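Q: The listed protein sequences correspond, in order, to chains A and B. Basically our numbering = 1-based index in the first sequence + 395. Basically our numbering = 1-based index in the second sequence + 8. To start, I am sharing the structure in question, which I have written as structure tokens.
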Amino acid sequence: YVFTTGNPKWKRNHLTYRILNYTPKMRQADVDEAIRKALSVWSNVTPLTFQKVDNKEADIMISFAYRDHRDNSPFDGPNGQLAHAFQPGEGIGGDVHLDEEEAWTKDGRGYNLFIVLAHELGHSLGLSHSSDPGALMYPTYSYTDPKEFLLPQDDIDGIQAIYGQSTA
Amino acid sequence: FPVAPEEEDEGKTLQLVESYLQNFYDLQRDNQPHLRNKGENPIVEKLKEMQEFFGLEVTGKPDLDTLEMMKKPRCGIPDIGQ
């Protein structure tokens with residue numbers, strides 16, 4: 396595992412998230428579920444908690460975006476770059492952007508939204524890319540059935556090195 | 009004259025390699041090539057860094073395995089120097 400340069404981390408364990416928009420390619424309930432499950436990947440192994448908010452600024456703002464979406468990191472259309480996220484911090488810090496031109500799904504077709512979101516949230520919490528091919532924080536996409544997904548040890552070690560172990 | 013297919017492929021390969029290394033391995037968008045030190049080729053150095061990161065054979069060349077890795081769908085965050 397690798398920390399993001401400068402070791403940014405959230406100063407609070409109780410964080411908020413907000414879903415700014417939805418992809419038309421999935422049912423909203425399935426998008427909500429994918430996001431909730433992706434957040435629980437990290438909250439299950441740390442003291443972090445995530446509360447959904449609907450109409451105010453949240454720590455982690457999640458949105459689907461097209462090409463140039465005014466953050467100096469334009470998306471590139473189908474395939475290629477699937478999503479990106481920003482390290483912990485105010486404003487755009489922690490936010491997750493997903494390339495709307497990808498084939499988002501809740502299963503093994505196209506790109507599984509849960510898997511990509513879980514990876515991007517690792518960045519939102521302060522992790523960088525791992526060179527461990529089995530790690531969730533490995534840069535390239537690989538599908539795992541969400542029902543069978545277990546956070547790999549490399550990622551558990553990394554996130555607990557930042558926030559400590561779960562207190563639950 | 010129409011570009012020979014091989015040359016066209018080479019151009020596309022170079023474009024893929026350069027944009028990948030610029031996006032994810034901090035290859036500078038080199039506007040002043042004449043300032044480059046003799047013998048130093050930033051693309052070769054960055055290619056080696058990328059091959060090392062992905063556990064590929066470190067050749068400094070855009071070999072088949074390296075190009076296959078570059079074509080994989082991935083996260084838009086750089087692998088180094090974030």
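We put the CB at the ideal spot given by N, CA and C, even for glycine. From a predicted model like this one, the values you see are computed outputs, not experimental measurements.
1) Counting only Cβ pairs nearer than 9 angstroms, list the residues of chain B close to Y536 of chain A.
2) Would you say D71 of chain B faces chain A, with C-beta separation under 9 angstroms as the test?
3) In terms of residues, what are the limits of the beta strand (DSSP E) holding Y558 of chain A?
4) From the DSSP output, in three-state form, read off H492 of chain A for me.
5) Are the C-beta of S468 of chain A and some C-beta of chain B separated by less than 9 angstroms?
6) Using only CA atoms, which one of A:E495, A:D494, A:H479 lies nearest to G488 of chain A?
7) Just tell me which of A:F445, A:Q560, A:F509 has its CA closest to the CA of A424 of chain A.
8) Is there a Cβ from chain B that is less than 9 angstroms from the Cβ of A480 of chain A?
9) Assuming E495 of chain A contacts Y461 of chain A (C-beta within less than 8 angstroms), just tell me the rounded distance between them.
10) Going by the CB atoms, is the gap between R413 of chain A and V448 of chain A shorter than 9 angstroms?
11) Would you mind working out which of A:R465, A:Q446, A:N507 sits nearest R82 of chain B, comparing C-alpha positions?
12) Can you list the residues of chain A that D34 of chain B reaches, using a CB-CB cut of under 9 angstroms?
13) Would P442 of chain A and Q560 of chain A qualify as a contact pair, given that the criterion is a beta-carbon distance under 9 angstroms?
14) Can you tell which of A:Q548, A:V436, A:G475 has the C-alpha that lies nearest to the C-alpha of D527 of chain A?
15) Can you name, in chain order, every residue of its own chain whose Cβ lies under 7 angstroms from the Cβ of Q476 of chain A, other than the five neighbours on each side?
16) Quick check: the stretch 14-31 of chain B against the stretch 54-64 of chain B, are at least 3 beta-carbon pairs closer than 8 angstroms?
17) Where does the unbroken alpha helix (DSSP H) through T74 of chain B begin, and where does it stop?
18) Just to make sure I have the definition right: I need the residues of chain B whose C-beta is within less than 9 angstroms of the C-beta of S526 of chain A. Which are they?
19) Taking only beta-carbon positions, decide if N49 of chain B is within less than 9 angstroms of chain A.
20) Taking the straight line between their C-alpha atoms, what separation do you get for S435 of chain A and E485 of chain A?
21) Which first and last residues belong to the alpha helix (DSSP H) in which I487 of chain A is found?
22) Helix, strand or coil for T411 of chain A per DSSP?
23) Would you mind listing the beta strand (DSSP E) stretches within the stretch 411-478 of chain A that are 3+ residues and don't spill past its ends, in chain order?
24) Quick one, are the C-beta atoms of I551 of chain A and V397 of chain A less than 9 angstroms apart?
A: Judging by the given coordinates:
1) The residue given as residue 536 of chain A occupies position 141 in the first sequence. Simply K80, P81, R82, C83.
2) The count along the second sequence starts at 1 and reaches residue 71 of chain B at position 63. So no, D71 of chain B is outside the interface.
3) The residue you call residue 558 of chain A lines up with position 163 of the first sequence. Unbroken run through Y558 of chain A is the alpha helix (DSSP H), 548-558; no beta strand (DSSP E).
4) Looking up residue 492 of chain A in the first sequence gives position 97. Strand.
5) Against the first sequence, residue 468 of chain A aligns to sequence position 73. Interface residue, yes.
6) As a first step, residue 488 of chain A must be located in the first sequence, where it is residue number 93. The option with the nearest alpha carbon to G488 of chain A is A:H479.
7) Against the first sequence, residue 424 of chain A aligns to sequence position 29. Here the closest residue by C-alpha is A:F509.
8) Counting from one through the first sequence, the residue named residue 480 of chain A turns up at place 85. Yes - at least one Cβ of chain B is within 9 angstroms of the one on A480 of chain A.
9) As a working mapping, residue 495 of chain A is identified with position 100 in the first sequence. As a working mapping, residue 461 of chain A is identified with position 66 in the first sequence. Confirmed, Cβ separation roughly 5 angstroms.
10) As a working mapping, residue 448 of chain A is identified with position 53 in the first sequence. As a working mapping, residue 413 of chain A is identified with position 18 in the first sequence. Yes.
11) As a first step, residue 82 of chain B is located in the second sequence; it is residue number 74 there, counting from the start. Out of A:R465, A:Q446, A:N507, A:N507 has the C-alpha closest to the C-alpha of R82 of chain B.
12) For the purposes of this step, residue 34 of chain B is taken as the residue at position 26 of the second sequence. In chain order: nothing, as chain A lies at least about 11 angstroms away.
13) Counting from 1 along the first sequence, the entry for residue 442 of chain A is found at position 47. Counting from 1 along the first sequence, the entry for residue 560 of chain A is found at position 165. Their beta carbons are under 9 angstroms apart, which means P442 of chain A touches Q560 of chain A by this criterion.
14) To locate residue 527 of chain A, count along the first sequence from 1; it is residue 132. For the residues A:Q548, A:V436, A:G475, the minimum Cα distance to D527 of chain A belongs to A:Q548.
15) The residue given as residue 476 of chain A occupies position 81 in the first sequence. For Q476 of chain A, where only same-chain residues beyond five positions count, the Cβ hits under 7 angstroms are F470, D494.
16) yes
17) Position 66 of the second sequence, counting from 1, holds the residue named residue 74 of chain B. Here the alpha helix (DSSP H) through T74 of chain B covers 72-78.
18) For the purposes of this step, residue 526 of chain A is taken as the residue at position 131 of the first sequence. By Cβ distance, chain B contributes E60, F61, F62, G63, D87.
19) In the second sequence, residue 49 of chain B corresponds to position 41, counting from 1. Chain A, which has no Cβ nearer than 9 angstroms to the Cβ of N49 of chain B, makes this no.
20) Here residue 435 of chain A is taken as the residue at index 40 of the first sequence, counted from 1. Here residue 485 of chain A is taken as the residue at index 90 of the first sequence, counted from 1. Their backbone Cα atoms lie some 22 angstroms apart in a straight line.
21) Here residue 487 of chain A is taken as the residue at index 92 of the first sequence, counted from 1. Unbroken run through I487 of chain A: none, as it is neither H nor E.
22) As a first step, residue 411 of chain A must be located in the first sequence, where it is residue number 16. The answer is strand: DSSP assigns T411 of chain A an E or B state.
23) 444-447, 455-460
24) Position 156 of the first sequence, counted from the first residue, corresponds to residue 551 of chain A. Position 2 of the first sequence, counted from the first residue, corresponds to residue 397 of chain A. For I551 of chain A and V397 of chain A, no; Cβs fall outside 9 angstroms.
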